[in-house]
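Below is one structure; the comments refer to it alone.
Numbering (the working numbering), first residue to last: 99 to 933.
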């Protein structure tokens, strides 16, 4: 059998074997990593004995291929490691990770360094080797593998935060451990002394460069995603290529940490691209990476474990003593960091408090796995290390991995149960019972309906529905007994968080159905994510405060407004107002759907009081959105009508697509007919893909013609007057004039309304009115505050042009002067007068 065919045959056999191991691990109720290690050792032992057996055919050839199969550390580090790191990091919620960033970095960096130093010093006293070889071994075993631990957490329903701390630690401590390993290996093979300060700077340099490269790769990949046109295969290919490039480029060309680069690349891509990729495509991407990660983790474990029998065959009693020293010092160092240093970070306010039970599980759950085995293999392959040192590292690293898997891993479940971390809180139990009651009620009604439709006997129907009635009765009793505990829980924040998550899912569904585009879906989903964070941190008050920030005009709007007023550039401002109107319209539609969701789902789950809170919150948001949207509709009704029609058409087309898919799944239409329908749909969708253009209606001639005092000037004179003025658009709530400031211009209202406040009762000025002339005529400070009530289209006249206008047109001079004198007289008599 040729080398290539033999290699493929060996890997194919391993994959086929691995496919049945998850079910075996589940049946035996042991961690999957434990099964992988045991099977790998078994394969190694069988393949070593293959030459002495008389087995022939495919099985014998497979055993011989496994015996002769060689996989170097380069294969582990370059082929498998980027996949493992990217897959582990892609599923981490960056927002949750940032909440526990300091504990994660403590576990990932400080704990690795502490374990390396403590274990290295302990081994240097207990073994015949000097400090640096012992530190090298310590760096190898200091990186943890979350695969088995997180799987146990998931099986037992452990708290989400505990899983996040372990996952966050694992994706970053690989970088710390590999950097230390590289530094120590260099010092050992070159025979140079180890400078702690230089080592620290080297570590920080590797970490920082890797972080920058990873962020750059992640951001670049998110910019490329829109150009892939929702092709899920292209999106997956982009991430696979990016993961390997992010690892190889810093490692090969910059001598920095490729591990950090891959982790940061995955975190950046997961945080940003999740909102730019269609939800169905994101699920495909995530599931594909889970498959790749499963293959990589399984193969690296089995291939490394296959080498264990040869290594363990040389183990002596002295090695077992050293193993006990290694285990004891590693646990002690990890416990010192977590129980000693973590409370200090919590006391400074840099991190939330971590429960003692969490700390105990984190200490005991520091299982080692694939990366440790790969680093150990790299050390044993190095020709510059003496054979005794290679055996020392290989034996202790392998046995330590097996110890953590077989001892810590098999006892972790009982520890979690003993600490009660597999139990729900009273609030979660009450929520679970409410959800179960809703589900059981629906199932009972469905069973009764099926019985009636199929004319089943009453006895058969009662036999089935009776079970659900008994369960519902038990849940009602439990709810009545749990009233006190339930009242003591603040479910309002939890309900608001759920509401925000549902709002985010709604925007992503609109994007998937192509009701809204990627450019709108991403900011809306991000906004909903921010609302969830605000609700979790501060309840309704912070939630509504964040909503108010969302409806404010963003900084780019102020820039566009400046460009319009200073240079007369209307397009940037129109573009931002277009996006604002569409965003308000979509958000308003989403909130209406959320009201139904609250009434039918969240109110029964969280209780009537929480439901009323959610409805009240949505009403407040609706009012703020309606005010902003109505102001735009009032000023630009035609554009608003076009936008609403476009939204309705895209929503209808989205439902049309869903209907066609259902018909295809039910066999009503063939794939050929489906393709023809979709082509027709795409053609119609293309017709409305480009939004209508908003005309700000800021033409000077048009604005002049709408002001009554200019009506009798004639066409030529109106043009001359208009040439002296600048179009000015004021936005709702904008302070146009402030009392006490120096007046250098006046305004003519072509469309809209302003509120004038002098100190008494405010008055309103509408289309055709003008204000600000008193400060110019009498050379006095402003005597009133003037605020735009909506979008106001105005003409702005500077002091210099005002004087030219007054000198050139007697009728305008008399009209403006008379109005100013009337307002001055009214001001003396206590009547508001804007000047």
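Ideal Cβ positions, reconstructed from N, Cα and C, are used throughout, including at glycine.
Practice task
Answer with buried or exposed for residue 547, where buried requires no fewer than 16 other C-beta atoms within 10 angstroms of its C-beta.
Solution key: Residue 547 sits at position 449 when you count from the first residue of the chain shown. Its Cβ having fewer than 16 others within 10 Å, residue 547 is exposed.
Exercise for the section: Measure the alpha-carbon distance for residue 707 versus residue 631 and round it to whole angstroms. Expected result: Translated into positions along the chain shown, residue 707 becomes position 609. Translated into positions along the chain shown, residue 631 becomes position 533. So the alpha carbons of these two residues sit roughly 22 Å apart.
Exercise for the section: Label residue 808 either buried or exposed according to how many other C-beta atoms from any shown protein chain fall within 10 Å of its C-beta, with 16 as the threshold for buried. Expected result: Here residue 808 refers to the residue found at position 710 of the chain shown. Flag for residue 808 reads buried.
Handout entry: Reduced DSSP secondary structure (H/G/I, E/B, other) of residue 891
Key = Within the chain shown, numbered from 1, the residue matching residue 891 stands at position 793. DSSP places residue 891 in strand when its eight states are reduced to three.
Problem - Contact under 8 Å by Cβ, residue 391 with residue 620 - result: Residue mapping note: residue 391 aligns to position 293 of the chain shown, counting from 1. Residue mapping note: residue 620 aligns to position 522 of the chain shown, counting from 1. No; because the gap between Cβ atoms is not below 8 Å, this pair is not in contact.
Problem - Three-state secondary structure assigned by DSSP to residue 847 - result: Numbered from 1 along the chain shown, position 749 holds the residue referred to as residue 847. Strand, per DSSP.
Practice task
Quickly, what does DSSP pair residue 337 with across the bridge? List them, please.
Solution key: Reading the chain shown from its first residue, position 239 is the one you call residue 337. Beta-bridge pairing links residue 337 to no other residue.
Practice task
Could you name the residues of the same chain whose beta carbon sits closer than 7 Å to that of residue 378, not counting the 5 residues immediately before and after it, in chain order?
Solution key: The residue you call residue 378 lines up with position 280 of the chain shown. Correct list, in chain order: 610.
Exercise for the section: With a threshold of 16 other CB atoms inside 10 Å of the CB of residue 773, please say whether the residue is buried or exposed. Expected result: Here residue 773 refers to the residue found at position 675 when the chain shown is read from its first residue. Classification of residue 773: exposed, given that the 10 Å Cβ count is below 16.
Problem - Contact the region 652-668 vs the region 739-748: 3+ CB pairs below 8 Å - result: no
Exercise for the section: Going by CA-CA distance only, name the one from 235, 129 and 335 that's closest to residue 477. Expected result: Here the question's residue 477 lines up with position 379 in the chain shown. Checking every option, the nearest Cα to that of residue 477 belongs to 235.
Problem - Helix, strand or coil at residue 863 according to DSSP, with G and I counted as helix - result: For this step, residue 863 is matched to residue 765 along the chain shown. Three-state result, residue 863: strand.
Handout entry: Expected contact under 8 Å - CB spacing of residue 474 and residue 491 to nearest Å
Key = The sequence position of residue 474 within the chain shown is 376, counting from 1. The sequence position of residue 491 within the chain shown is 393, counting from 1. Going by Cβ atoms, the distance from residue 474 to residue 491 rounds to 6 Å, so yes, they are a contact pair.
Exercise for the section: Check whether the Cβ atoms of residue 129 and residue 341 sit closer than 8 Å, and answer yes or no. Expected result: For the purposes of this step, residue 129 is identified with residue 31 of the chain shown, where counting begins at 1. For the purposes of this step, residue 341 is identified with residue 243 of the chain shown, where counting begins at 1. No, the pair does not count as a contact, with Cβ atoms beyond the cut-off.
Exercise for the section: Using three-state DSSP, classify residue 531 as helix, strand or coil. Expected result: On the chain shown, residue 531 is found 433 positions in, with the first residue counted as 1. Note: residue 531 maps to helix in three-state DSSP.
Exercise for the section: Would you list the one or two residues that DSSP bridges to residue 828? Expected result: Against the chain shown, residue 828 aligns to sequence position 730. DSSP output for residue 828 lists 890 as bridge partner(s).
Practice task
Mind reading off the beta-carbon distance from residue 487 to residue 141? Whole number of angstroms is fine, and I expect it under 8 Å.
Solution key: If you number the chain shown from 1, residue 487 lands on position 389. If you number the chain shown from 1, residue 141 lands on position 43. Not a contact, Cβ separation roughly 27 Å.
Handout entry: Per-residue burial, residue 231 [other beta carbons within 10 Å of its own, 16 or more giving buried]
Key = On the chain shown, position 133 is the one that residue 231 refers to. Classification for residue 231: buried.
Practice task
In angstroms with no decimal places, state the Cα-to-Cα distance between residue 420 and residue 332.
Solution key: Position 322 of the chain shown holds residue 420. Position 234 of the chain shown holds residue 332. It is roughly 51 Å from the alpha-carbon of residue 420 to the alpha-carbon of residue 332.
Handout entry: Local Cβ density within 10 Å of residue 826, reported as buried at 16 or more and exposed below that
Key = Residue mapping note: residue 826 aligns to position 728 of the chain shown, counting from 1. Residue environment: residue 826 is assigned as buried (16 or more neighbouring CB atoms within 10 Å of its CB, all protein chains considered).
Practice task
Would you be able to state if there are at least three C-beta pairs under 8 Å between the region 761-771 and the region 684-703?
Solution key: The region 684-703, when compared against the region 761-771, does not touch it at the 8 Å Cβ threshold.
Practice task
Use the C-beta contact count for residue 877: other C-beta atoms within 10 angstroms, 16 or more gives buried, fewer gives exposed.
Solution key: Translated into the one-based positions of the chain shown, residue 877 becomes position 779. Its Cβ having fewer than 16 others within 10 Å, residue 877 is exposed.
Exercise for the section: Count the other C-beta atoms from every protein chain shown that fall within 10 angstroms of the C-beta of residue 715, then say buried if there are 16 or more, exposed otherwise. Expected result: Your numbering for residue 715 matches position 617 in the chain shown. Residue 715 comes out buried.
Handout entry: Per-residue DSSP class, three states only, for residue 553
Key = Mapped onto the chain shown, residue 553 falls at position 455. Reduced to three states, the DSSP call for residue 553 is coil.
Handout entry: residue 559 in three-state terms, based on DSSP
Key = Working through the chain shown from its first residue, we reach residue 559 at position 461. Three-state result, residue 559: helix.
Exercise for the section: Reducing DSSP to helix, strand and coil, say where residue 115 ends up. Expected result: For this step, residue 115 is matched to residue 17 along the chain shown. Correct three-state label for residue 115: helix.
Handout entry: Sub-8 Å separation of residue 744 and residue 789 beta-carbons
Key = Reading the chain shown from its first residue, position 646 is the one you call residue 744. Reading the chain shown from its first residue, position 691 is the one you call residue 789. Remark: C-beta atoms of residue 744 and residue 789 approach each other more closely than 8 Å.
Practice task
For residue 367, count neighbouring Cβ atoms within 10 angstroms of its own Cβ and tell me buried if that reaches 16, exposed if not.
Solution key: Against the chain shown, residue 367 aligns to sequence position 269. Classification of residue 367: buried, given that the 10 Å Cβ count is 16 or more.
Practice task
Check the DSSP bridge columns for residue 853 and list the partner residues they point to.
Solution key: By one-based count along the chain shown, residue 853 stands at place 755. BP columns for residue 853 point to 862 and 885.
Exercise for the section: Round the Cβ separation of residue 192 and residue 369 to the nearest angstrom and send it over; I've been treating them as touching at under 8 Å. Expected result: Residue numbering aside, residue 192 sits at position 94 when the chain shown is read from its first letter. Residue numbering aside, residue 369 sits at position 271 when the chain shown is read from its first letter. Indeed they touch by this definition, with Cβ atoms about 4 Å apart.
Practice task
Could you tell me the distance, in whole angstroms, from the CA atom of residue 417 to the CA atom of residue 533?
Solution key: Counting from 1 along the chain shown, the entry for residue 417 is found at position 319. Counting from 1 along the chain shown, the entry for residue 533 is found at position 435. Spanning the two alpha carbons is a distance of roughly 55 Å.
Practice task
Check each candidate in 692, 380, 364 and 677 and name the one with the smallest Cα separation from residue 600.
Solution key: The sequence position of residue 600 within the chain shown is 502, counting from 1. It is 692.
Practice task
May I ask you to list the residues that DSSP assigns as paired with residue 833?
Solution key: Here residue 833 refers to the residue found at position 735 of the chain shown. In DSSP, residue 833 forms a bridge with 885.
Handout entry: Buried versus exposed, by CB contacts within 10 Å (16 or more), residue 432
Key = Here residue 432 refers to the residue found at position 334 when the chain shown is read from its first residue. Classification of residue 432: buried, given that the 10 Å Cβ count is 16 or more.
Handout entry: Cβ shell of residue 443 (< 8 Å), same chain only, five flanking positions each side left out
Key = Taking the first residue of the chain shown as 1, we reach residue 443 at position 345. If we look at residue 443 and ignore the five residues flanking it on each side, its Cβ neighbours are 200, 201, 204 and 449.
Problem - Short Cβ contact (8 Å threshold) for residue 465 with residue 502 - result: Taking the first residue of the chain shown as 1, we reach residue 465 at position 367. Taking the first residue of the chain shown as 1, we reach residue 502 at position 404. Yes.
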